[in-house]
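Below: one structure, written as structure tokens.
In my numbering, the protein residues as written are -13 to 406.
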């Protein structure tokens, strides 16, 4: 069948066109049945709180007044709900290869296939749903599933509604090299699934419009192009498995490499863990990590200390580290101390690559930092997991090595008895 690509509603003046419309309409019902629209809306608006087979991943925040958002795909269709009928998506039926949205507030303005002379305008809309028969491409990345544009408190969010399995097919190879041992990849799949569910739970309790960031703020999710047959196998062979502690999904935190010893989660993330969550304890790791060295200008450090202390800093006299704390001596003897993971936060994670600082020195107009490891150091060490896998550990054993007192269970069985 040859699809008709058009920027305007199809006309029905000729029998041939009428026949084409009927065929297209039937195809549309097959691909995007109306029954699914209400369930999609429920997922979007937390109607099914326990639906973890679909995830709302935040792709971007959008300027509503000068949007200039372009999506590519096959047979793209834009549909929208209204405030009067929030559970029903409506709008003209279009098939095109490119959609450009120019404006969202106060009026939705968009056109198809570079034909800006045929502008569409909608004044009364609530949410926007964008469909494609294969992938939707945004900023040179292709994504499975559907896209929504959601307004909350006059902020507009571009959200990818994607199945858990398709989400993990992208996350696992985005977070771990595909060449690594299959048991390490399977461990990564299980903890990535667990992390997604735990974070989604927390955000849905707060009535957020999305479940997960698409960046390392949560988990790296870089679309279809990252998918790989080896990590697909890891996702398939661990399908539905999650990690729980006392019957609840854990904060399945992980990092690149710890430098030989993971950190206690209560030290680094004291607000994330409930008082009874004791699985993120410090453990020795077989992977010793790689050393790194970076420097920052003394002037930049002064400004950072001024921001933290709310006082004027005239001089940095000395700086040193001991037992995961950094001590800064300034203004002729005033000492300010903070944890190394706090140093990472205010100086930048790319500058201070891990909390394992071995040495800090003032050299000329710079402060030189030397350390080992990469990442926050809590939970599963990815390089360490690969070492364990090469030494014969199965994925379940790897997980229980880094998270103490946990169980690995089937997600659906857990949901039947979950008190959430």
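No residue lacks a Cβ here, since even glycine has one placed at the ideal position from N, Cα and C. Given the structure is predicted, the values throughout are model-derived calculations rather than measurements.
When DSSP builds the beta bridges, which residues end up paired with residue i?
i: residue 88; result: For residue 88, which the question treats as bridged, DSSP gives no partner whatsoever.
i: residue 278; result: 357
i: residue 94; result: 108
i: residue 307; result: 312
i: residue 99; result: Residue 99 is not bridged to any residue.
i: residue 44; result: 145, 199
i: residue 82; result: 62
i: residue 364; result: 249
i: residue 302; result: 316
i: residue 352; result: 283, 349
Throw me the rounded Cβ distance for the residue i and residue j pair, which I believe falls under 8 Å.
i: residue 193; j: residue 159; result: So it is not a contact: roughly 32 Å between Cβ atoms.
i: residue 242; j: residue 360; result: 4 Å
i: residue 97; j: residue 106; result: 6 Å
i: residue 44; j: residue 143; result: 6 Å
i: residue 197; j: residue 41; result: 5 Å
i: residue 114; j: residue 145; result: Incorrect: roughly 10 Å between the Cβ atoms, too far for contact.
i: residue 270; j: residue 247; result: 6 Å
i: residue 102; j: residue 83; result: Not really, about 15 Å apart at Cβ, beyond 8 Å.
Taking 8 Å as the threshold (C-beta atoms), are residue j and residue i in contact?
i: residue 392; j: residue 386; result: yes
i: residue 358; j: residue 342; result: yes
i: residue 108; j: residue 129; result: no
i: residue 351; j: residue 292; result: no
i: residue 279; j: residue 331; result: no
i: residue 364; j: residue 239; result: yes
i: residue 216; j: residue 168; result: yes
i: residue 354; j: residue 347; result: yes
i: residue 273; j: residue 367; result: yes
i: residue 75; j: residue 69; result: no
i: residue 317; j: residue 299; result: yes
i: residue 161; j: residue 205; result: yes
i: residue 183; j: residue 116; result: no
i: residue 59; j: residue 123; result: yes
So residue i is in the alpha helix (DSSP H); what residue range does that whole segment cover?
i: residue 369; result: 368 to 376
i: residue 393; result: No alpha helix (DSSP H) holds residue 393; the beta strand (DSSP E) holding it covers 393 to 396.
i: residue 181; result: 168 to 191
i: residue 293; result: 284 to 295
i: residue 386; result: 381 to 388
In the DSSP assignment, find the beta strand (DSSP E) that holds residue i and state where it starts and stops.
i: residue 59; result: 55 to 66
i: residue 323; result: 320 to 325
i: residue 312; result: 311 to 316
i: residue 36; result: No beta strand (DSSP E) contains residue 36, which DSSP labels as neither H nor E.
i: residue 114; result: 114 to 117
i: residue 343; result: 343 to 349
Any heavy atom of the ligand MG closer than 7 Å to the beta-carbon of residue i?
i: residue 373; result: As far as ligands go, the structure on display features none, and thus does not contain the ligand MG.
Using a Cβ cut-off of 8 Å (strictly closer), state whether residue i contacts chain B.
i: residue 373; result: Looking at the structure shown, chain B is missing, and only one protein chain is on hand.
Exercise for the section: Tell me the start and end of each unbroken beta strand (DSSP E) in the region 122 to 160 that is at least 3 residues and wholly inside, in chain order. Expected result: 122 to 124, 127 to 129, 132 to 138, 141 to 149
Practice task
Could you tell me which uninterrupted beta strand (DSSP E) segments, each at least 3 residues in length, are contained entirely in the region 194 to 277, listed from first to last along the chain?
Solution key: 227 to 231
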